[in-house]
Amino acid sequence: MSLRALFRVELGRLLCGRLTWLAVAATLLGPLAGYGLYRPAYGDSMASLYLANPMLTGGLIGAAAFALLMLASLEKPRRSRIAAITDAALSPLRLAAVRLFSVLAMAVLTVLATGLLYLPYTWYKLDIVFSLGDYWLATALILLSGPVMGTLLAAAVDQFAYRLDISLAVVLACIVFSQGAWCSRFFLAQWCVPLVTALSDAFGSAVIWRTALYSRIVWLCLLTSLYLLSLLGVRQYGRGLIGSFARHLRFAALPLLAATLAAGGGILWARQPFIDHSPSDWMSYQPEDRSNTALTLAGTEIEARIESYLLGTLSGTASYRITNTSGESQELYFELDSGYRVREVTANGNPVEWEDMCNDYIAAREVRCVLPAEEQITLVVEYGGMPKMWNAQEELMSSAGFISGKGIELFGSHLAPSLLLQLAGEETPVTLDIALRDSMTLVSSGTTRRGAPNGDGTTNWHAEDAGAGELRIFAGDYMCRTLEGGGFPIEFWYSAKYEPRLAGEGIDIMQEAIDYCTEHYGPRTFTQDKPFKIVQSTVFQFGGSASGNISQMGESYFSDQNLASPDKGADSAEVLAHEIIHQWWGLGVSLADMEDANWTDEGMTTYSTYRLMAELKGEEYARANYVEKWERTTSQNAQSFYMRHPEYLAVLPEAYAAEVKAAADSVNWYDGTALMIYRAEQKIGRERLDAVLARLYTQGGGELPPYITLGDFLNACDLEEGEIGRA
Amino acid sequence: MKISINSLSMTYPNGKQALQDISLELESPSLVGLRGPNGAGKPPLMKLLVAGLTESAGTILADGAPLRENETAYKRRLGYLPQSFGLYDELTGERVLEYMAALKGLHDQKKAVQAVLSDVNLEEKRRARIRTLSGGQRQRVGIAQALLGEPRFLIFDEPTVGLDPEERIHFRNLFSRAAQDKLVLLSTHIIEDVQSVCNRLIVIHHGRIRFSGTPQELIRMTRGHVCTFSERPEEDAALHITARVNTADGVQCRAVARTLPAYAQPAEPTLEDAYLYLIEEAET
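Take a look at the structure:
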């Protein structure tokens, strides 16, 4: 029996069926829905919008389409009674397997065609951030996954049920369930297409690719196992499910292989290496204070090695100079990323026993060791592994630390063991030596120095800092522009991919924004020795954050979608200015009010952008593009049907109501609050308002410290509640 | 090819017994006719012979080897046309046959397909989709797929149903030719098919073999039990009337009976008479 010939004719038969072409067409057109109708990825980077969403949507539609094709392919011989002939020529089990492989082959060909079809448009849209490797990875791991998994599940279910209607209902229910709220919290629960919350434009999406591949392997094991079991249930000899099952058990290899694959899938599921095991009630969990006051840290030297960019693994040797003033042996705890394991601990060259507390908490766990009574101790910890993700952020796939060939971000216990003791002083040094790919540039919270190339494609880097006790590092194809901020340098580190986008007036306007904010509100807290660094970071950080002298700007700020956002500025350069102003309003200080949810940083930032544009382009331009726009949108919002009749909003389906509410919130946050501040300016005068804002920026709020509430603002302006409104 | 059926019984899961203690030897070359009333057990027997059912008791040996243990090899030597079957409507006749040739693992599929298309007179329609073919033409595609690869054991269940008389004669001759070096089992209600080409006849009734021998033997067994007479007003319960013919002298009846009545004239039995007599006897 030539299985190849059999496969060829079965594939040929499939190609003659209308349903086959319907499945092909659905899969080919599926990604179109991902551009607008259905956007499962949260991230708004270019790759999320124009690669992840279309691929996810195409994968889901492909799953349903090919599941239907598989069901029809199995149902047709039964319905048309051709099985009466074919079963006499060949074992129905073999024929069932050939039918599966034919549909799978059709799925692979269709996905390949779909990949080729959307390649030019995706390339065009992603432009400077397009990566051919990422494109085909997305095609293979996301788009292909749907049809393959859908086909496997459909075949398995049908071979048990032998009923098209039941099988179809089960498969569709499983697809819908996989996209439901419960499954979206666990990357392994997504059987149909992997959990992809975003794709990075500039710093690689290694975490996504790794988890996607891993979950695909798990589900291939589980579904193949289910399929092999279902093969035993293929009806033969005129028997039903149980009779056929019992009869086919003589093919011992099938159940054995099914059991092996099921066990393999189960073990892979249980031992997944990506997500930590933090307690689910982490908000109420109070970690013990393990800090040892009898020990002081005089200095830290870290030698880190990237073991594999592909797997994202790191090993390191951290050497700590510790002073023990107690004269007794001391218990020391240190925190380490949950994905790392301690390999060896020595104190003054002597091995030290350690105990992994296995108490995962926010992607880190504690390790306990006992230090000798000696006064001066050099503690050396050898460790290594792959950084894990905090399970509370699994649904966002937002990892505290990550390592990939395109980007690295590590800090604290994700870079090296973080000792729970006192720092010896404000100048306690910490150094890091690490070899990175030649194409990478190291950015750290301290100073960095590029060393000599090693000749193996890597270059040594040295980083050092003082006083913080730990380092925060970023690596990627970073470029730096130095901006001036109140006499001190501000380093703006961004991916070289964005150079064309920033080369025009983008950088200039960022400088103008810094100057404006420094002059009107005050400088950010940085010094000549330790410059303030604005670092473009991966989309998986979703927006921005600040820590010490580092302020991160998520790469989604630089996406076309964000740069074209009319809420933030009239053009992309003005949007960049808006994002820089967020370094003051949002990261420097923040606005919040328990009684007014619309009193947010966005409004203050939008108002400041208006003021900046008034200085740069004139009051007339600023009024037309900002104030009049705010008045227009707030007026439209106030007059909208659902704002006038909120009782109807309450009876709308949840999804529509959320959409309406989100649109209204956006207007209130950006335009409404900006308009309130503008009206305050009209009442108390521009100069006085600037003084109020400068005072609030430098001193913070009083009602809900450190936040600045609406009450703080009104008090500072000597205004009463209700004197200024959004409408 | 030699098929040995030993003490074969088959009971459905609902308890209905389809076959009871059947023993048979079938050997090529031979064209065996299989007859029996509806519900007699012909389809179960044929399904057992194509490994479509499992026996409740007994064994089937193909060339001395148990069928169950050599199912794959056995199926390669088998050609089967069920009474009720379907085809992939979206394919052409030629593609259906290529598909079946691949299923049978034939090496030179094109050649094999051409050969059977010629055998069933379907060369002109080979590119026509199945859905466009008439019932007779579909039946011919069904016969062609059974003939693919010159299997050594052919099983046909009512193969000439739906064919016009000319086609039936053509296929009758085709089966006869095939039986020159193969074993052919032909289940049919059309007595002419059996009478003209079968060298052996098996009659099955209520799941048991009632007769196994040549048609001539069956006819001989019935001599003295067939008669004709003019229709009478009163019914004779001992007679089983097999035909009524209107003639110029009134209605002439043909009947079978264990003992012929005095008023009837003995007649030379036909195969149909012999079959009916056998079934009648089995019923009583």
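Chains as they are written, first to last, in our numbering: chain D, 576 to 1302; chain E, 1345 to 1628. Quick reminder that beta carbons are idealized off the backbone N, C-alpha and C, glycines included. Treat the numbers as computed from the prediction; the structure is a model and nothing was measured.
Looking at the C-beta of Cys767(D), does it have a partner C-beta in chain B at a distance below 7 Å? Absent from the structure: chain B. Protein chains present are D and E.
Could you tell me whether any Cβ in chain E is nearer than 7 Å to the Cβ of Gly813(D)? yes
Under the three-state reduction of DSSP, which class applies to Ile937(D): helix, strand or coil? coil
Can you find the residues in the same chain that come closer than 6 Å, C-beta to C-beta, to Asp852(D), ignoring five residues on each side of it along the sequence? Just to set this straight, residue 852(D) is His in the shown sequence, not Asp. Cβ neighbours of His852(D) beyond the five flanking positions: Asp935.
Applying a beta-carbon distance threshold of less than 8 Å, which residues of chain E neighbour Leu565(D)? Summary: the structure shown does not reach residue 565(D), with chain D confined to residues 576 through 1302, and so no result is reported for it.
Rounded straight-line distance, which links the Cα of Arg1198(D) to that of Gln1211(D): The alpha-carbon of Gln1211(D) is positioned some 18 Å away from that of Arg1198(D).
Counting only Cβ pairs nearer than 8 Å, list the residues of chain D close to Lys1455(E). Per Cβ cutoff of 8 Å: no residues; Lys1455(E) is ~14 Å from chain D at best.
Just the chain E side, please: which residues come within less than 8 Å of Thr661(D) by C-beta, in chain order? Met1444 and Leu1447
Less than 8 Å between the CB atoms is what I'm expecting for Met1390(E) and Ser1531(E), so what's the real figure, rounded? 6 Å
Of the residues Arg1512(E), Ala1522(E) and Lys1454(E), which one's Cα is nearest the Cα of Phe1497(E)? Ala1522(E)
Give me the DSSP bridge partner(s) of Phe1107(D). Ile1065(D)
Should Asn1029(D) go down as buried or exposed, given a rule of 16 or more other Cβ atoms within 10 Å for buried? Exposed: under 16 other Cβ atoms inside 10 Å.
Compare the Cα-Cα distances from Asp1463(E) to each of Asp1508(E), Pro1613(E), Tyr1424(E) and Ala1490(E) and report the closest residue. Closest option to Asp1463(E), Cα to Cα, is Ala1490(E).
So, Thr786(D) versus Phe849(D), is the Cβ gap smaller than 7 Å? yes
Give me the subset of the stretch 1376 to 1410 of chain E whose CB atoms are less than 8 Å from a CB atom of chain D, sorted by chain position. Lys1391, Val1394, Ala1395, Gly1396, Leu1397 and Thr1398
So what's Cys758(D) in DSSP terms, helix, strand or just coil? In the structure shown, the three-state DSSP call for Cys758(D) is helix.
Verify the CB distance criterion: does Leu594(D) have a CB-CB separation below 7 Å to chain E? no
Based on Cα-Cα distance, which residue from Leu1583(E), Thr1572(E) and Glu1579(E) lies nearest to Asn1590(E)? Thr1572(E)
Spatial distance of Gly987(D) from Pro854(D) (CA atoms): 21 Å
Rounded to the nearest angstrom, what separates Ala1213(D) and Ala1249(D) at their Cα positions? 16 Å
Report buried or exposed for Tyr1231(D), applying the criterion of at least 16 other Cβ atoms within 10 angstroms of its Cβ. exposed
Work out the CA separation of Arg1421(E) and Ala828(D) for me, nearest whole Å. 27 Å
Proximal residues of chain D, C-beta to C-beta of Thr1416(E) below 9 Å: Listed along chain D, the residues sitting closer than 9 Å to Thr1416(E) by beta-carbon distance are Met576, Leu665, Ser666 and Arg669.
Looking at C-alpha atoms only, which residue of Leu643(D), Met1054(D), Thr1006(D) and Pro722(D) is the closest neighbour of Gly1021(D)? Thr1006(D)
Reference Ser620(D); option with closest CA among Gly1161(D), Ala879(D), Arg896(D) and Val1114(D): Val1114(D)
Counted within 10 angstroms of its Cβ, other Cβ atoms place Pro1410(E) as buried (16 or more) or exposed: Its Cβ having fewer than 16 others within 10 Å, Pro1410(E) is exposed.
Range of the contiguous alpha helix (DSSP H) that encloses Ala1522(E): Pro1509 to Ala1522
Which same chain residues end up closer than 7 Å to Glu534(D) when comparing Cβ atoms and leaving out the 5 residues on each side of it in sequence? Outside the displayed span of chain D (576 to 1302) sits residue 534(D), for which this structure offers no information.
Within a Cβ cutoff of 6 Å, which residues of the same chain sit near Ser890(D), ignoring the five residues on either side of it in sequence? Closer than 6 Å at the Cβ level, and outside the excluded window around Ser890(D), lie Arg880, Glu882 and Gly959.
Assign Lys981(D) to one of three DSSP states: helix, strand, or coil. coil
Nearest to Tyr915(D) by alpha carbon, out of His989(D), Asp740(D) and Ser790(D)? His989(D)
Could you check how far apart the C-beta atoms of Leu603(D) and Thr689(D) are, in whole angstroms? I think they sit under 8 Å. The pair is a contact, with the Cβ atoms about 5 Å apart (cut-off 8 Å).
How about Tyr613(D) and Lys700(D): do their beta carbons lie closer than 7 Å? no
If the cut is a Cβ gap below 8 Å, which residues of chain E does Ile657(D) touch? Phe1429, Gly1430, Leu1431 and Tyr1432
Contact belief for Met1354(E) with Leu1392(E) at Cβ below 8 Å, rounded distance in angstroms: Sure, about 6 Å apart at Cβ, within 8 Å.
Which residues in the same chain have their Cβ closer than 8 Å to the Cβ of Ile1585(E), if we skip the five residues on either side of it in sequence? Taking C-beta separations shorter than 8 Å and ignoring five residues to either side along the sequence, the partners of Ile1585(E) in its chain run Cys1597, Arg1598 and Ala1599, following chain order.
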